[in-house]
Amino acid sequence: MISRLLISALVLALGFGIVILEEEGFAGPQFISAFFGIGLSLATILAGYLMNRWAFGRSRRVFMGVVVGGMIGRLVVVSLILVWVTLNLRIPLLTFFVSLSISYLTFQIIEAWSIHRGLQKGKI
105 MISRLLISAL VLALGFGIVI LEEEGFAGPQ FISAFFGIGL SLATILAGYL MNRWAFGRSR
165 RVFMGVVVGG MIGRLVVVSL ILVWVTLNLR IPLLTFFVSL SISYLTFQII EAWSIHRGLQ
225 KGKI
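In structure tokens:
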């Protein structure tokens with residue numbers, strides 16, 4: 105799963121990078137904003153992956169507690185970071201939110217697929 109996450113992060117970064125580079129270059133605020141959004145979503149999903157990986161092999165109750173609790177916990181953390189970014193950083197917020205949303209959705213699909221695949225293999 106980590107390889108899929110990293111490949112999709114690279115594809116997303118390249119996609120955003122190509123669009124932004126045409127206007128600003130590497131050091132522009134749009135570019136930094138997009139990579140910050142992708143990085144935040146990648147860090148969040150990697151934390152979820154590590155929690156889910158730990159939970160596989162445990163009882164169903166522990167597994168579901170980690171999966172659901174982890175999703176809620178990550179949602180709270182990301183929400184707090186979004187408020188902080190909005191209030192404190194001077195980056196283009198639209199670019200940040202679009203890159204965060206698209207990359208988070210992509211990574212969440214990969215995470216759900218990996219959980220489903222683990223459940224099919226009977227790891228819990």
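In terms of our numbering, the sequence shown opens at residue 105 and continues consecutively. For glycine and all other residues, C-beta sits at the position ideal for the given N, C-alpha and C.
**Report entry** Helix, strand or coil at R164 [DSSP, three-state]
**Finding:** By one-based count along the sequence shown, residue 164 stands at place 60. For R164, the secondary structure class from DSSP, reduced to helix, strand or coil, is helix.
Exercise. Among V202, A147, V171, which residue has its Cα nearest to the Cα of Q134?
Worked result: In the sequence shown, the residue the question calls residue 134 occupies position 30. Check the Cα spacing between Q134 and each of V202, A147, V171: the tightest is with V202.
Tell me the DSSP secondary structure of P133 in three-state form. Here the question's residue 133 lines up with position 29 in the sequence shown. Helix at P133.
On a Cα-Cα basis, can you pick out the residue from F211, S183, H220 that is closest to S107?
Residue mapping note: residue 107 aligns to position 3 of the sequence shown, counting from 1. For S107, the nearest C-alpha among the options comes from F211.
* From S205 to I214, what does the alpha carbon distance come to, in whole angstroms? -> Counted from its first residue, the sequence shown places residue 205 at position 101. Counted from its first residue, the sequence shown places residue 214 at position 110. Near 14 Å, if we compare the C-alpha coordinates of I214 and S205.
Looking at A138: is its Cβ nearer than 7 Å to the Cβ of T199? Counting from one through the sequence shown, the residue named residue 138 turns up at place 34. Counting from one through the sequence shown, the residue named residue 199 turns up at place 95. Yes. Within cutoff.
Q. By DSSP, does L179 sit in helix, in strand, or in coil?
A. Your numbering for residue 179 matches position 75 in the sequence shown. If DSSP states are grouped into helix, strand and coil, L179 belongs with the helices.
Problem set entry | Length of the line joining the Cα atoms of I176 and S145 | Numbered from 1 along the sequence shown, position 72 holds the residue referred to as residue 176. Numbered from 1 along the sequence shown, position 41 holds the residue referred to as residue 145. So the two alpha carbons sit approximately 15 Å from each other.
Between S207 and I142, is the Cβ-Cβ spacing less than 7 Å?
-> If you number the sequence shown from 1, residue 207 lands on position 103. If you number the sequence shown from 1, residue 142 lands on position 38. In contact: S207 and I142 (Cβ atoms closer than 7 Å).
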